[in-house]
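Novice: Questions regarding the structure given below will be posed in turn.
2 protein chains.
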Amino acid sequence: MNLADEIEELGRRSRAAARQLAIAPRAAKDAALEAVAAAIEANAERVLAANAADVEAAAHRGVAEAMLDRLRLDATRLAKIARQVRDVVQLPDPVGEVLRAWSPPSGIRIEKRRVPIGTIGIIFESRPNVTIDAAALCLKTGNATILRGGSEALHSNLALAECLRTGLGAAGLPADGVQLIGRTEREAVKLLAQLDRWLDVIIPRGGEALIRTVVEHARMPVIKHYTGLCILYVDAAADLPMAARLAVDAKVRRPGVCNAIETLLVHRAVAPDWLPVLGAEMRAHGVELRADPAAQALLGAECRLAEEADWDTEFLDLRLAVKVVDSLDEALEHIQRHGSHHSDAIVTRDPATAERFLNEVDSATVYWNASTRFTDGGEFGFGAEIGISTDKLHARGPMGLEELTTYKYLIRGTGEVRG
Amino acid sequence: MNLADEIEELGRRSRAAARQLAIAPRAAKDAALEAVAAAIEANAERVLAANAADVEAAAHRGVAEAMLDRLRLDATRLAKIARQVRDVVQLPDPVGEVLRAWSPPSGIRIEKRRVPIGTIGIIFESRPNVTIDAAALCLKTGNATILRGGSEALHSNLALAECLRTGLGAAGLPADGVQLIGRTEREAVKLLAQLDRWLDVIIPRGGEALIRTVVEHARMPVIKHYTGLCILYVDAAADLPMAARLAVDAKVRRPGVCNAIETLLVHRAVAPDWLPVLGAEMRAHGVELRADPAAQALLGAECRLAEEADWDTEFLDLRLAVKVVDSLDEALEHIQRHGSHHSDAIVTRDPATAERFLNEVDSATVYWNASTRFTDGGEFGFGAEIGISTDKLHARGPMGLEELTTYKYLIRGTGEVRG
Chain Z
11 MNLADEIEEL GRRSRAAARQ LAIAPRAAKD AALEAVAAAI EANAERVLAA NAADVEAAAH
71 RGVAEAMLDR LRLDATRLAK IARQVRDVVQ LPDPVGEVLR AWSPPSGIRI EKRRVPIGTI
131 GIIFESRPNV TIDAAALCLK TGNATILRGG SEALHSNLAL AECLRTGLGA AGLPADGVQL
191 IGRTEREAVK LLAQLDRWLD VIIPRGGEAL IRTVVEHARM PVIKHYTGLC ILYVDAAADL
251 PMAARLAVDA KVRRPGVCNA IETLLVHRAV APDWLPVLGA EMRAHGVELR ADPAAQALLG
311 AECRLAEEAD WDTEFLDLRL AVKVVDSLDE ALEHIQRHGS HHSDAIVTRD PATAERFLNE
371 VDSATVYWNA STRFTDGGEF GFGAEIGIST DKLHARGPMG LEELTTYKYL IRGTGEVRG
Chain W
11 MNLADEIEEL GRRSRAAARQ LAIAPRAAKD AALEAVAAAI EANAERVLAA NAADVEAAAH
71 RGVAEAMLDR LRLDATRLAK IARQVRDVVQ LPDPVGEVLR AWSPPSGIRI EKRRVPIGTI
131 GIIFESRPNV TIDAAALCLK TGNATILRGG SEALHSNLAL AECLRTGLGA AGLPADGVQL
191 IGRTEREAVK LLAQLDRWLD VIIPRGGEAL IRTVVEHARM PVIKHYTGLC ILYVDAAADL
251 PMAARLAVDA KVRRPGVCNA IETLLVHRAV APDWLPVLGA EMRAHGVELR ADPAAQALLG
311 AECRLAEEAD WDTEFLDLRL AVKVVDSLDE ALEHIQRHGS HHSDAIVTRD PATAERFLNE
371 VDSATVYWNA STRFTDGGEF GFGAEIGIST DKLHARGPMG LEELTTYKYL IRGTGEVRG
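Protein chains in written order, with the working numbering: chain Z, 11 to 429; chain W, 11 to 429.
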């Protein structure tokens with residue numbers, strides 16, 4: 011079968027499975043997840059052998075060690091993956107919730123009920139654990155998935171997908187509730203993005219280039235964030251020791267994640283006292299600073315001058331752009347122009363300034379006196395996270411189970427006509 | 011300026027205006043809407059002259075009378091448009107509503123607040139009243155709009171857009187909160203659909219060809235319905251006089267609207283008694299029936315046999331496809347395969363059958379013993395409607411003011427770090 015026909019067939023099967031999953035009771039979905047965890051444990055040897063083959067092939071092709079580490083599974087990591095599936099079992103099922111019920115003057119009774127989205131395409135890169143994570147959250151919410159992982163993890167993903175399908179079957183649910191694309195052609199991404207006849211939404215999890223390709227071709231909604239260019243603004247009225255704590259937390263703890271900060275804006279009134287202190291602390295943590303001229307004058311000549319591109323770069327590394335601003339308005343302008351509308355923070359003691367910042371910064375998550383690192387489904391108490399969105403329709407910010415649902419209107423009447 | 015640069019500039023201005031509209035208080039937005047209504051009344055002569063020029067040019071090009079009627083404004087229609095703007099003033103403003111507020115174990119306080127979507131592109135066809143309707147709902151919800159109307163209504167739309175911009179200015183809000191594309195090249199639709207740098211969402215209001223073009227090129231979410239292929243299923247346990255009332259209401263009253271039915275499915279058990287009666291009634295209303303062989307045998311030889319394409323056609327006319335089915339399952343299967351997931355209904359006295367239908371039909375609005383014609387923002391009590399969506403993210407079914415909003419998370423802390 012050619013690739014296009016094969017993907018069309020996956021879509022058709024996914025829609026059929028989604029119809030069954032949509033009406034599956036919570037008990038069946040939870041039983042399936044339990045069976046998935048058990049299948050991962052029972053097939054650990056086979057999964058690890060498949061993964062070892064992937065890692066060996068990648069090493070043979072000269073893939074860097076950091077990348078190999080993302081690809082690699084071992085008994086501990088696999089046990090953790092199974093445990094996380096069991097954690098999802100414990101979470102409440104949002105499907106079926108009545109969001110609103112009312113009766114307009116015509117007499118019909120309207121119920122707005124939470125239902126699964128339907129069919130979800132998920133495109134991801136090298137980490138094989140995403141196969142299980144993403145499919146488990148979609149299964150819990152009654153959605154069918156078509157997964158497309160990185161080609162370097164193909165054998166691992168095939169083995170893990172088999173565990174997912176086994177689990178579904180064990181609970182009497184359709185195995186096609188989870189399907190993995192077993193072909194490695196890049197063309198598959200484009201074909202999946204054009205499968206709007208069968209797919210309701212597509213979620214790319216990966217680098218900006220992958221996301222741009224998906225958006226370019228997609229004929230259905232894409233849930234994504236391109237980058238996490240998060241910005242911390244230290245106001246004239248900031249508690250400066252707090253500002254240093256938040257800056258270090260948000261830059262240093264995990265520089266490679268999307269809710270780490272990339273740019274620090276400092277009000278001119280506090281820059282002379284605070285920036286030299288902050289600079290020393292950042293350097294002690296190995297952070298390279300790139301500053302505008304005003305900040306450089308305070309940070310010392312060893313601090314590199316920022317280039318224009320630095321304000322638009324998600325470094326994902328121990329690197330921080332620093333700029334002195336004259337006002338809250340200048341900070342808001344900079345965030346609007348250069349930020350990625352993901353997570354931005356202000357440090358200030360002045361509530362009026364803080365509320366202006368919270369109101370006017372158009373980002374999924376805006377912070378007053380707290381670290382941007384809290385943008386996370388776990389930290390929000392969602393119990394699980396399929397990703398973080400900078401889109402606005404409809405999932406914004408950390409996405410848990412509720413964000414994998416939509417709603418429908420059920421109307422019960424007694425023969426009403428509109429006339 | 012070339013077209014691409016011009017549209018890019020509209021986008022840039024729209025985003026700047028959206029930032030101001032997002033924080034405008036309800037009083038300012040309502041004052042702007044009042045001023046828009048007043049401007050329409052004060053400039054009635056100019057608007058009607060512009061419209062007369064459009065109608066004359068269209069008539070000169072041989073445009074059909076039905077189309078001219080959609081294009082034509084007169085004093086009565088214009089007064090109604092102004093009145094509808096004042097109706098929007100009376101509606102509550104959903105922006106600012108706190109959807110949820112909680113504090114997770116880290117101690118940060120999270121507020122999930124309803125905010126405007128931001129910038130909305132609206133592409134529509136000949137009716138000039140859409141210019142005002144759509145912009146008024148977006149203005150009320152703090153969204154900036156870029157409008158692109160049909161070229162045959164260009165002068166009417168320019169005159170109406172001037173009233174909108176005058177109203178915004180009179181209330182101290184940015185006139186660029188509403189911008190109309192004054193160029194008639196078809197290329198403008200494609201350029202607007204690719205303006206994801208500036209536009210958050212695009213809403214095409216028009217025929218299927220227009221919508222397909224937008225979806226093909228769009229790099230942002232598109233809110234739409236392609237067609238309204240609504241289906242009525244008359245069950246074995248139906249109240250047959252009720253079924254006839256609902257079928258006539260949903261087919262005959264306004265055959266050209268999206269919530270009218272196009273297909274009637276009838277259970278085999280009631281078809282022999284009921285179909286001849288219904289057929290006579292439909293014919294009395296001038297409805298042409300197209301039937302499958304089983305239905306044709308009951309409806310008589312003058313009833314035309316349905317072709318395969320008839321099950322997938324939104325007739326938008328006094329025409330109805332009729333099919334006899336053996337079971338609820340066959341009806342569900344037909345609806346899944348041929349329906350457009352807009353509005354579908356069952357007539358039955360059996361609650362268990364009804365609940366299966368309501369649960370299993372994956373449409374924005376599903377009905378038990380009521381006419382599909384109720385799918386409408388006004389009938390739902392939303393007070394206004396920007397359209398009806400068969401999309402699932404996030405606006406589904408009739409879309410009022412709430413559906414023109416999204417949310418953001420505002421987080422207030424006392425120096426919390428994640429560590």
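From the three backbone atoms N, C-alpha and C, an ideal C-beta is built for every residue, glycine too.
#1: For the alpha helix (DSSP H) that contains residue 284/Z, what are its first and last residues?
#2: Check whether the Cβ of residue 32/Z lies closer than 8 Å to any Cβ atom in chain W.
#3: Against chain Z, with Cβ distances strictly below 8 Å, would residue 231/W count as a contact?
#4: Quick check on residue 173/Z: does DSSP put it in helix, strand or coil?
#5: So for residue 319/Z, helix, strand or coil by DSSP?
#6: Taking the C-alpha atoms as reference points, what is the distance between residue 156/W and residue 190/W?
#7: The segment 262-294 of chain Z: which residues have C-beta closer than 7 Å to a C-beta of chain W, in chain order?
#8: Short of 7 Å in beta carbon distance, which residues of its chain neighbour residue 181/Z, apart from the five on each side in sequence? Order them along the chain.
#9: On a CA-only basis, which of 275/W, 225/W and 349/W is nearest residue 332/W? Give me that one, please.
#10: With a CB to CB cut of under 6 Å and the five nearest residues on each side skipped, what residues in its chain are close to residue 355/W?
#11: Helix, strand or coil: how does DSSP classify residue 165/Z here?
#12: Taking the beta carbon of residue 298/Z as the centre, do at least 16 other beta carbons fall within 10 Å, making it buried, or is it exposed?
#13: Measuring straight from C-alpha to C-alpha, what distance separates residue 227/Z and residue 203/Z?
#14: Taking 6 Å as the limit between beta carbons, can you name the residues of its chain near residue 113/W, skipping five residues before and five after?
#15: Skipping 5 residues on each side, what residues in its chain have a beta carbon closer than 8 Å to that of residue 335/W?
#16: Counting only Cβ pairs nearer than 9 Å, list the residues of chain Z close to residue 150/W.
#17: On a Cα-Cα basis, can you pick out the residue from 34/W, 124/W, 56/W and 138/W that is closest to residue 78/W?
#18: For residue 313/W, which residues in the same chain have their Cβ closer than 6 Å to its Cβ, ignoring the five residues on either side in sequence?
#19: Between residue 184/Z and chain W, is there a C-beta pair that is closer than 8 Å?
#20: By the three-class DSSP mapping on this structure, what secondary structure does residue 335/Z have?
#21: Is there a C-beta anywhere in chain W that falls below 8 Å from the one on residue 24/Z?
#22: What did DSSP end up calling residue 303/W once you bin it into helix, strand or coil?
#23: Is the segment 52-61 of chain Z touching the segment 199-216 of chain Z, taking contact as three or more C-beta pairs under 8 Å?
#24: Would you check if there are 3 or more beta carbon pairs closer than 8 Å linking the segment 118-133 of chain Z to the segment 170-179 of chain Z?
#25: Just mark residue 11/Z as buried or exposed, buried being the case when its beta carbon has 16 or more other beta carbons within 10 Å.
#26: Measuring CB atoms only, is the segment 352-369 of chain Z touching the segment 243-252 of chain Z, in the sense that at least three cross pairs come out at less than 8 Å?
#27: Throw me the rounded Cβ distance for the residue 108/W and residue 32/W pair, which I believe falls under 8 Å.
#28: Leaving out five residues before and five after residue 408/Z in sequence, what residues of the same chain have Cβ atoms less than 7 Å from its Cβ?
#29: When you compare the CB of residue 424/Z with every CB in chain W, is at least one pair closer than 8 Å?
#30: Work out the CA separation of residue 195/W and residue 76/W for me, nearest whole Å.
#31: Per DSSP, what kind of secondary structure is residue 399/W in: helix, strand or coil?
#32: Given that a residue counts as buried once 16 or more other Cβ atoms are within 10 Å of its Cβ, and exposed if not, what is residue 311/W?
#33: Taking C-beta pairs closer than 8 Å, name the residues in chain Z that residue 416/W reaches, listed in chain order.
#34: Which of the three DSSP states is assigned to residue 248/W in this structure?
#35: Go to residue 134/W, then tell me how far its beta strand (DSSP E) extends in each direction, as first and last residue.
#36: Is it buried or exposed for residue 404/Z, if we count other Cβ within 10 angstroms and need 16 for buried?
Specialist: In short:
#1: 281-294
#2: yes
#3: yes
#4: helix
#5: helix
#6: 6 Å
#7: 263
#8: 38, 41, 42 and 45
#9: 275/W
#10: 242, 377 and 382
#11: helix
#12: exposed
#13: 6 Å
#14: 119
#15: 243, 275, 276, 277, 278, 341 and 344
#16: Going along chain Z, no residue has its Cβ under 9 Å from residue 150/W, so there is no contact; the nearest lies around 18 Å.
#17: 138/W
#18: 299, 301 and 306
#19: no
#20: strand
#21: no
#22: helix
#23: no
#24: no
#25: exposed
#26: yes
#27: In fact, because the Cβ distance is near 16 Å, the residues do not count as touching under 8 Å.
#28: 385, 386, 387, 390, 392, 395 and 398
#29: yes
#30: 24 Å
#31: strand
#32: exposed
#33: 402, 403, 404 and 406
#34: coil
#35: 129-134
#36: buried
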